[in-house]
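Peer 1:
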Amino acid sequence: MKQSFYDLNYSDLETVINQNNLNHSAAAVLFNWHYKKKESAQCVDKIAKCSVAFFENNFDFSLPEIDTVHESKNDRTVKFLFKLKDDHKIETVLIPFHNKYSICLSSQVGCAMNCSFCFTGKQGLKRNLTTSEIVGQFIQAWRWLATNRPGEERILNIVFMGQGEPLHNFDAVKKACEIFLSKHGTSIGVQKITISTAGYIPGLKRWSQEIPGVNLALSLHSPFEEKRNELIPINKKYPLGVCPT
Ligand code: SF4
1 MKQSFYDLNY
11 SDLETVINQN
21 NLNHSAAAVL
31 FNWHYKKKES
41 AQCVDKIAKC
51 SVAFFENNFD
61 FSLPEIDTVH
71 ESKNDRTVKF
81 LFKLKDDHKI
91 ETVLIPFHNK
101 YSICLSSQVG
111 CAMNCSFCFT
121 GKQGLKRNLT
131 TSEIVGQFIQ
141 AWRWLATNRP
151 GEERILNIVF
161 MGQGEPLHNF
171 DAVKKACEIF
181 LSKHGTSIGV
191 QKITISTAGY
201 IPGLKRWSQE
211 IPGVNLALSL
221 HSPFEEKRNE
231 LIPINKKYPL
241 GVCPT
């Protein structure tokens, strides 16, 4: 099976290009084409034919398919259900503000945290999303806006608040953040990305060291330890008093 192009951050892409003796300028061209312009066709612009052939032969450029779309008539919120290659489905939401959008991304199929108030938690964790499935939600939602609400394809904030505990799928979420932040692509500001967590301490430690600057939102639900244990069972293992240093 071919590797997804959308699993590569910029430095991974540079490594692939160097290892295969392709022209090093292809990295910036490809990131610009796929993430800034968000083109769906193959990039043939300002790139050598051998590089085009190499990427066509060795990488998969498919993205999660839009299964259903629900548009709210009241507030113009758009809810997408995406179908993944293994038929699992995940939800993504576009939330409008002043003709711009925030996007709420999923990071896992299901969730292991089992919060008592959450339907996703009741399903248990099915699997982690790959980086390509995370950035794919963003690209597909952007393309949907370009087609259905032309002129409004401006997604300025990214929040990891959909299905899953993002810090429990740290590697894929971190790489997705690196792709969103890359100046060669979407170039989203670091302060415009927020990771929401139920308090998964191993991921919190990595966040503070590996993607500093990306915002963190802790879902508190209750300041009282006992109540929090009831609502968010992970709190029994990782109580709020444990400091992520
Ligand atoms: S961490 Fe989020 S997705 Fe997971 S069970 Fe809790 S509320 Fe649901």
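If you read the sequence shown in my numbering, its first letter stands for residue 1, the second for the next number, and so on.
Virtual Cβ for every residue (Gly too), placed ideally from N, Cα, C.
Nothing here was measured: the structure is a model prediction, and the numbers come from that model.
(1) For the ligand SF4, enumerate in chain order all residues having a CB closer than 5 Å to any of its heavy atoms.
(2) State the CB to CB distance for the pair residue 111 and residue 165, rounded to an integer number of angstroms; the pair is presumed to be in contact (CB under 8 Å).
(3) Quick check: residue 9 and residue 179, are their CB atoms within less than 8 Å of each other?
(4) Report yes if the CB atom of residue 198 is closer than 8 Å to the CB atom of residue 134, and no otherwise.
(5) So, at 6 Å on beta carbons, what are the nonlocal neighbours of residue 236 in its own chain, with the 5 sequence-adjacent residues on each side left out?
(6) Compare the C-alpha of residue 55 against each of 26, 117 and 139 and name the closest.
(7) List the DSSP bridge partners of residue 102.
(8) Counting only runs that start and end within the stretch 122-203, where is the alpha helix (DSSP H) found for 4 or more residues in a row?
(9) Is DSSP giving residue 58 helix, strand or coil here?
(10) So for residue 120, helix, strand or coil by DSSP?
(11) Less than 8 Å between the C-beta atoms of residue 59 and residue 137, yes or no?
(12) Given residue 127, which residues of its chain have a CB within under 6 Å of its CB, disregarding the five upstream and five downstream residues?
(13) Identify every residue that forms a DSSP beta bridge with residue 3.
(14) What's the gap between the Cα of residue 96 and the Cα of residue 12?
(15) I need the DSSP call for residue 45, collapsed to helix, strand or coil.
(16) Quickly, what does DSSP pair residue 215 with across the bridge? List them, please.
(17) Can you look up residue 15 in the DSSP assignment and give me helix, strand or coil?
(18) Run through the DSSP bridge pairs and tell me what residue 68 is partnered with.
(19) By DSSP, does residue 234 sit in helix, in strand, or in coil?
(20) Kindly indicate which three-state DSSP category residue 36 falls into: helix, strand or coil?
(21) Quick check: what's the CA-CA separation for residue 231 versus residue 218?
Peer 2: This is what the structure holds:
(1) 111, 113, 115, 118, 120, 121, 165 and 198
(2) 6 Å
(3) yes
(4) no
(5) 229
(6) 26
(7) 95 and 157
(8) 131-148 and 170-181
(9) helix
(10) helix
(11) no
(12) 109
(13) 59
(14) 33 Å
(15) coil
(16) 194
(17) helix
(18) 81
(19) helix
(20) helix
(21) 14 Å
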